[in-house]
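Per the numbering used here, the sequence shown runs over residues 2 to 384. Each remark here refers to the structure printed beneath this line.
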Amino acid sequence: MMSTGKKIGFFADNDLRDKSFLSGTIYTMARILKSAGYEVVWIPVRKKSLCYKLYRKLIKETARFFPSLKTKLSKRMLWSSRIATRRLDMDLVNSCDVLFAPMKSGVLVSLDTKVPAIYLADGTFHLMVDYYWFDLSERDIREGELIEQKAMDNAAALVYPSRWAAESAVKDYGQPRDKITLAYFGPNLDVDKIIPHKFTFDGHLDLLFVGVDWKRKGGSIAVEACKWLNDNGIDSTLHVVGIKSLNPQIASLPFVENHGFLNKNKPEDYSKLMALYDQADCFLLPTLAECVGVSFCEANAYGVPCFTHDTGGVSDYVLDGENGYLLPLGSSGEDFGKKIKECLDNDEMVRLSTGAVKVARERLTWDAWAAKMEEVIKRLTDK
């Protein structure tokens, strides 16, 4: 790819080569922007100043005696954001043609530079309250909303991977639609090595669950679904990936195979994850709260039908009846089991598998994401 001659300042906590951070999304974004011809430089967002360390120590010690205060004290977000901004390498910031702040609203709050910034997030603070984040104090919410509002106002462009998040930026933060770009995520795997497979049923069903948060991702519902299938004549195994310490009672169930947390930085773990997607017949993730879910992109790339809840931004990645099914929140494991059995009985799985490949190739690719980003960058740098 020919160089564009443009330098992108990429804000991130972790090294851009880290494939495990945020499911590899940051790594993939940096790689794909480099492939598009941009010079991508990492601008570390460091919070660990002496002042910040002392503050964290205060939280830890206070929480020992007053556990109820831990959440409130640790959520002094505005103060923490200002610390992070003050520790940025401003010479590096000002040497860039454009700045990119994925999931880093805090750095844009008080950033003093003329370099245009792109803010990307998979959700908004308003959407996260009582969805991902609970028990926030009124002050926490005020500060969080202020940070989000300032970040959006200070950004020259906003990029979101779902209509759900994009609409919140308009409705809840008054952002103009022409400032917002919708760009779907893709799989954080080497797509050149992925060979999609068409569904075939040999009498045994391999269900794949991928997630690091067992409760939020609906792990117990997935177990119930697999049990129901076995109890109703469909020999099934639930393959669990991402949980570092799975409850021994669940791990010991005869129809559960626990693969633990697989680190994409480790070649053997990476290969194992790809092999599990390759052997899967269905991707079962009854998530209770989800902004995007890159694992849906990965399942689609392999041609694996997805079964999940209709929540958050999921409906942009699982198109109901096309590459899987969206069940309403509150659906039980039995509901998911019945839906999967229905698709087997009606010979729908082949069609859903074909639909998954189509969605993956036409909608959920990082190349398509990069093309959207190129449009945004060109608009900002040509001014």
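We put the CB at the ideal spot given by N, CA and C, even for glycine.
DSSP, reduced to helix, strand and coil, places Glu40 within a strand of the structure shown. Going by beta carbons, Ala281 and Leu230 fall outside the 8 Å limit. For Tyr161, the uninterrupted beta strand (DSSP E) run begins and ends at Ala158 to Tyr161, by DSSP. Taking 8 Å as the upper bound for CB-CB distance, Thr309 and Leu286 are in contact here, some 5 Å apart.
Tyr120 sits in a strand when the DSSP states are folded into three classes. For Tyr278, no pairing in a beta bridge is given by DSSP. Considering only Leu247, Ser237, His198 and Cys227, the residue with the shortest C-alpha distance to Trp215 is Leu247.
Leaving aside the five residues that flank Glu168 on each side, none in its chain has a CB nearer than 7 Å to its CB. Within the model, the alpha-carbon separation for Gly212 versus Gly356 is close to 23 Å.
Per DSSP, Asp336 is one residue of the alpha helix (DSSP H) stretching across Gly334 to Asp346.
Here Asn189 is buried: its Cβ has 16 or more other Cβ atoms, across all protein chains shown, within 10 Å. Collapsing the DSSP output to three states places Asn259 in a strand. Residue range Trp367 to Thr382 is occupied by the alpha helix (DSSP H) that includes Ala369. For Ile251, the enclosing alpha helix (DSSP H) starts and ends at Pro249 to Ala252. Contact between Thr288 and Lys245 is ruled out by a C-beta separation of about 18 Å, above the 8 Å threshold. Counting every other CB atom within 10 Å of its CB across the protein chains shown gives Lys7 a total of 16 or more, marking it as buried. Counted as a single uninterrupted DSSP element, the alpha helix (DSSP H) harbouring Thr355 occupies residues Met350 to Glu363. Between the segment 147-163 and the segment 179-188 there are three or more C-beta pairs closer than 8 Å, enough to call the two in contact.
The distance from the Cβ of Leu93 to that of Val42 is about 7 Å, consistent with a contact at the 8 Å cut-off. Within the segment 3-28, the complete beta strand (DSSP E) runs of at least 3 residues fall at 8-13. Here Trp229 carries a helix assignment [DSSP, helix/strand/coil]. Phe186 sits close to Leu365, with the two beta carbons spaced by under 8 Å. A distance below 7 Å between beta-carbons, with the five flanking residues on each side excluded, links Lys199 to the following residues of its chain, in chain order: Gly304, Val351, Ser354 and Thr355. Cβ contact annotation for Leu277 (same chain, cutoff 7 Å, sequence separation greater than five): Leu209, His240, Val242 and His260, in chain order. The beta carbon of Ile378 is closer than 7 Å to those of Lys7 and Val99 in its chain, skipping five residues each way along the sequence. For Tyr185, there is no enclosing alpha helix (DSSP H), as DSSP gives it neither H nor E. Spanning the alpha carbons of Leu206 and Ser237 requires a straight line of approximately 5 Å.
When DSSP states are grouped into helix, strand and coil, Tyr174 belongs to the helix group. Straight through space, the alpha carbons of Val130 and Ala184 are spaced by roughly 24 Å. Where Gly314 is concerned, there is no enclosing beta strand (DSSP E), because DSSP gives it neither an H nor an E. Sequence-distant Cβ neighbours of Thr29 in its own chain, meaning closer than 7 Å and more than five residues away, are Asn189 and Trp367.
Non-local beta-carbon contacts of Thr125 in its own chain, meaning distances under 8 Å to residues more than five positions away in sequence, involve Glu149, Ala166, Ser169, Ala170, Asp173 and Tyr174 in chain order.
Close CB contacts of Asp311 within its chain, under the 8 Å cut and outside five residues either way in sequence, are with Asp321, Leu327, Leu328, Pro329 and Leu330 (chain order). By alpha-carbon distance to Tyr133, the top candidate from Asn301, Asp123 and Phe262 is Asp123. Burial check for Ser96: the Cβ neighbour count within 10 Å stays below 16, so the residue is exposed. The C-alpha of Ala37 lies about 7 Å from the C-alpha of Ala371.
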